[in-house]
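Worksheet for the structure shown next.
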Amino acid sequence: MQLHFAPLQGYTTALYRRLHHTMWGGIDYYYTPFVRIEKESFRRRDLADISPENNKEIPTIPQMLPRDADELRRITQLFLSQGYTCADINMGCPFPPIALHKRGSGLLPHVSMVEDLLAATKEFPEMKFSIKMRLGWQSTDEWKHLIDILNATPLTHVTIHPRIGQQQYKGDICYEAFEQLASRCSHPIIYNGDLCTPQDVEHILQQYNFLTGIMIGRGLLARPYLSLWLNNIRQYDPHSIICHTQLFHDKLFEALQQTSQGNSQLMQRAHALWEYFLPHAPRKLRKNVIKSSSPTQYMHATDTLFDTWANDTETYPL
Ligand SMILES: Cc1cc2nc3c(=O)[nH]c(=O)nc-3n(C[C@H](O)[C@H](O)[C@H](O)COP(=O)(O)O)c2cc1C
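The working numbering applies: residue 63 is where the sequence shown begins, and numbers increase by one.
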């Protein structure tokens, strides 16, 4: 069973991926957040994020957000020039500024656009493509118009997040449509969505024994050690996991310090990290972290949180 770390724009940066890979491991593939063409060129931070020197020895699949065949060609050429032989195509992004411009999940209702886009993948036999998609933009039926096109395209796998674009990341997952799509798709299937604990994963694997793998995003941001558990690596007791999580956090924060311009940007970025990180940590102490207004206060609050938690994992389970 493959374990894929989902791309999360603003979170799973090259630095984050490298730290996770070296400190926790257990992930088969890390995806980069999407690379897109903006005002006819690539964003500098995207180029840095996919550069081979920033991804050394990490199993990385770069992701693209093309709107048409021409953009797909340009981004594929970029990935090839950086030495990649796999590329993921984003057909799931739900953010209205993107989707309303017919990118991400906004592409799904436009059958002939998808057909042209995917036809262009055949011009690059040296590249292995995969797709990450939703069921549709406005309705859970839109995939039905695309299934023949998907099946006619050589793909290593299709990752399915069984919501529609308009739901963003909330609301009910449509398992029924997922099952229908999976049963009609001739490619290996990776399931993605709301997997937060080993129990969630176990349940989905029991339900769907045809899966080639699962992809986890927010669940891994919340519990970076989840990949250890899912690989049945249990040599760490809860106390050691918290200590290791503290080390992981401190290294992330150190990197933010080195790359932020001023304390205000640093604090903004550090607080953003806690939007998903350790929601199950002791509540009051977590609040102190989020309310801290200087790096010194922040480090004091995080040290207190980790120390207290490490000594009371029974009250606050991992
Ligand atoms: C802040 C944020 C950024 C995301 N960025 C991307 C992205 O760059 N590319 C992509 O395909 N999906 C992106 N996603 C979607 C995730 O990869 C994933 O599909 C989604 O979070 C559902 O999986 P989960 O429930 O395991 O988190 C993003 C999601 C969030 C919350």
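Quick reminder that beta carbons are idealized off the backbone N, C-alpha and C, glycines included.
Since the structure is predicted, the reported quantities are computational estimates derived from the model, not experimental observations.
Would you say the beta carbon of LEU70 is closer than 7 Å to some non-hydrogen atom of ligand 1? Mapped onto the sequence shown, residue 70 falls at position 8. True, at least one ligand heavy atom lies under 7 Å from that Cβ.
With respect to the alpha helix (DSSP H) encompassing VAL97, which residues constitute its N-terminal and C-terminal limits? Taking the sequence shown and counting its residues from 1, one reaches residue 97 at position 35. Run containing VAL97: none; DSSP gives neither H nor E here.
Just to check, is the beta-carbon of GLY233 closer than 7 Å to a non-hydrogen atom of ligand 1? For the purposes of this step, residue 233 is taken as residue 171 along the sequence shown, with counting starting at 1. Incorrect: GLY233 has no Cβ contact closer than 7 Å to ligand 1.
Taking the alpha carbon of PHE310 as the point to measure from, which residue in LEU65, HIS249, LEU77 has its own alpha carbon closest? For the purposes of this step, residue 310 is taken as residue 248 along the sequence shown, with counting starting at 1. Out of LEU65, HIS249, LEU77, LEU77 has the C-alpha closest to the C-alpha of PHE310.
Select from SER356, TYR360, ARG280 the residue whose C-alpha is nearest the C-alpha of LEU70. Along the sequence shown, read from residue 1 onward, the residue named residue 70 stands at position 8. When each option's Cα is compared against that of LEU70, the closest is ARG280.
Give the single residue among PRO341, ALA239, LYS353 whose Cα lies nearest to the Cα of GLN330. For the purposes of this step, residue 330 is taken as the residue at position 268 of the sequence shown. When only C-alpha atoms are compared, the closest one is LYS353.
Can the beta-carbon of LEU367 be found less than 8 Å from the beta-carbon of ALA332? Taking the first residue of the sequence shown as 1, we reach residue 367 at position 305. Taking the first residue of the sequence shown as 1, we reach residue 332 at position 270. In this structure, ALA332 does not lie closer than 8 Å to LEU367 by Cβ.
Using DSSP bridges, identify the partner residues of GLY275. Against the sequence shown, residue 275 aligns to sequence position 213. In the DSSP output, where bridge partners are listed per residue, GLY275 has GLN64, ILE252.
Between PHE96 and ligand 1, is there a pair consisting of the residue's CB and a ligand heavy atom that are separated by less than 7 Å? Here residue 96 is taken as the residue at index 34 of the sequence shown, counted from 1. Yes, the beta carbon of PHE96 sits closer than 7 Å to at least one heavy atom of ligand 1.
Coil, strand or helix - TYR91 by DSSP: By 1-based counting over the sequence shown, the position of residue 91 is 29. TYR91 falls in the strand class under three-state DSSP.
Option nearest PHE157 by Cα separation, candidates THR370, ALA182, LEU127: Along the sequence shown, read from residue 1 onward, the residue named residue 157 stands at position 95. When each option's Cα is compared against that of PHE157, the closest is LEU127.
Sort ILE151, ARG80, ALA214 by Cα distance to SER167 and report the nearest one. Locating residue 167 in the sequence shown gives position 105, where the first residue counts as 1. SER167 has its Cα closest to that of ILE151, out of ILE151, ARG80, ALA214.
Please classify GLN228: does DSSP put it in a helix, a strand, or coil? To locate residue 228, count along the sequence shown from 1; it is residue 166. Here GLN228 sits in helix by DSSP.
Here's the rule: buried if 16 or more other CB atoms are within 10 angstroms of the residue's CB, otherwise exposed. What is LYS346? To locate residue 346, count along the sequence shown from 1; it is residue 284. By the 10 Å Cβ count, LYS346 comes out exposed.
Tell me which residue opens and which closes the beta strand (DSSP E) that CYS148 is part of. For this step, residue 148 is matched to residue 86 along the sequence shown. From DSSP, the beta strand (DSSP E) with CYS148 extends over 148 to 153.
Is any heavy atom of ligand 1 found at a distance shorter than 7 Å from the C-beta of LYS194? Here residue 194 refers to the residue found at position 132 of the sequence shown. For ligand 1, at least one heavy atom lies less than 7 Å from the Cβ of LYS194.
Residues in its own chain within less than 7 Å of TYR237 by CB, not counting five upstream and five downstream? Sequence index remark: in the sequence shown, residue 237 carries index 175 (1-based). So the list reads PRO224, once near-sequence residues are dropped.
Is the stretch 176 to 194 touching the stretch 206 to 219 in the sense that three or more CB pairs, one from each, lie closer than 8 Å? yes
So, helix, strand or coil for HIS82, using DSSP? Position 20 of the sequence shown holds residue 82. Helix, per DSSP.
Short Cβ contact (8 Å threshold) for LEU274 with HIS219: The residue you call residue 274 lines up with position 212 of the sequence shown. The residue you call residue 219 lines up with position 157 of the sequence shown. Correcting the residue type first, residue 274 is Thr in the shown sequence and not Leu. A contact, by the Cβ cut-off of 8 Å.
Can you tell which of PHE104, ARG79, ASP203, PRO187 has the C-alpha that lies nearest to the C-alpha of LYS313? Taking the sequence shown and counting its residues from 1, one reaches residue 313 at position 251. Among PHE104, ARG79, ASP203, PRO187, the Cα nearest to that of LYS313 belongs to ARG79.
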